[in-house]
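Down below is the structure, laid out as structure tokens.
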Amino acid sequence: MGVGENSAKSKEGSLPKEVISQLQSLASEWSDVTDSKALQVIPLKGVMTNEVYQIKWPSNTQEASRKVLVRVYGEGVSIFFDRTDEIKMFEFMSRQGQGPRLLGRFSNGRLEEFIHARLSQWLEDVEKYTLASHIFWGLWGMISAHVNEIDFDYKEYARQRLKCYWSRRDTLLGSSCRSPTENGGESLVYQAQPPKKTGILKTLKKVLSSGSKKG
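The sequence shown: position 121 = 121 (our numbering), numbered continuously.
Below you can see the structure in the form of structure tokens.
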């Protein structure tokens, strides 16, 4: 996860007013922040389902600035897990001193302690596990398209999840084996002379090929 190139020019207008108000209220309680309204909003890259921002204020201490993290929940992801349960778990872990402290909540997100030393690596590690999630739900979508009678476009859902997988795979894993999609992602096409495919990729290709023929 990294900071965008134009981060220094980012304005607080990129966040809802209720969040800006909470941030200013939070900063007003810190004696080392001279101006609670002089906050800088910096979008952070590399997050899959949420929008994440680093917020910082000029400080009158030896530290260059006071920082917090704003996490805005992504749209549609609540169908995969319960946000209420997630925030309860986060609050519990926070009280136990595990992970960043919870500094505040708003309608579709939360304010967290910014842990610079560990945050980037931790989020990078978490993102690697999202690849497995994309594979799982991609396979689930293709299989469900054949066995489930619910009126839902399972193939399109699978296509989107697998597209996310392939778009992030090389970046997160440093792999040189690419598998671009064509025809809207209904079938996977491997470039010439690819490395020998693993078991899961063989299964994936077989399911997708079967789905394309029957579709």
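Where a beta carbon is used, it is the ideal one built from N, C-alpha and C, also for glycine.
Quick one, are the C-beta atoms of residue i and residue j less than 7 Å apart?
i, j, result
"Glu112", "Pro100", "yes"
"Tyr165", "Gly109", "no"
"Ser144", "Tyr129", "no"
"Gln54", "Ile42", "yes"
Might you give, ordered along the chain, the residues of its own chain that have their beta carbon closer than 6 Å to the beta carbon of residue i, omitting 5 neighbours on each side?
i, result
"Lys232", "Past the edges of the chain, shown from 1 to 215, lies residue 232, and the structure says nothing about it."
"Glu91", "Leu102"
"Phe220", "This structure gives no information on residue 220, because the portion of the chain shown stretches from 1 to 215."
Out of the options, which has the shortest C-alpha to C-alpha gap to residue i?
i, options, result
"Leu26", "Lys17, Ser36, Asp32", "Ser36"
"Leu172", "Lys155, Met93, Leu131, Val147", "Leu131"
"Val70", "Lys88, Arg105, Asp82, Met93", "Arg105"
"Val52", "Cys164, Pro58, Val19, Thr84", "Val19"
"Leu44", "Ser14, Ser107, Asp151", "Ser14"
"Thr61", "Glu75, Ser31, Ile42", "Ser31"
"Arg161", "Lys88, Trp140, His146", "Trp140"
Quick one: residues in its chain with C-beta nearer than 7 Å to the C-beta of residue i, no 5 flanking neighbours on either side, listed in chain order?
i, result
"Val33", "Ala27, Trp57, Ser59, Arg66"
"Asn148", "Tyr154"
"Asn50", "Arg71, Val72, Tyr73, Gly74"
Can you tell me the Cα-Cα spacing of residue i and residue j, whole angstroms?
i, j, result
"Asp151", "Ile135", "22 Å"
"Pro16", "Glu156", "32 Å"
"Glu75", "Thr84", "15 Å"
"Ser167", "Trp137", "15 Å"
"Ala158", "Lys88", "30 Å"
"Val126", "Met142", "25 Å"
"Glu29", "Ser133", "40 Å"
"Gly97", "His146", "47 Å"
"Ser94", "Ala38", "27 Å"
Excluding the 5 residues preceding and the 5 following residue i in the sequence, name in chain order all residues of the same chain whose CB lies nearer than 8 Å to its CB.
i, result
"Gln22", "Gly104, Phe106, Leu111"
Checklist line | Runs of beta strand (DSSP E) lying entirely within the segment 62-106, each at least 3 residues, in chain order | finding: Secondary structure in the segment 62-106: the beta strand (DSSP E) runs of 3 residues or longer, each lying completely within the stretch, are 65-72, 102-106 in chain order.
Next item on the list: Jot down the residue ranges of each uninterrupted beta strand (DSSP E) in the segment 117-178, minimum 3 residues, whole runs only, in chain order.
Entry: Positions of the beta strand (DSSP E) runs, each at least 3 residues long and wholly inside the segment 117-178, cannot be given because no such run exists.
Note to self: Runs of 4 residues minimum, wholly inside the segment 9-53: which ones carry the alpha helix (DSSP H) assignment?
What the structure shows: Here the runs fully enclosed are 17-27.
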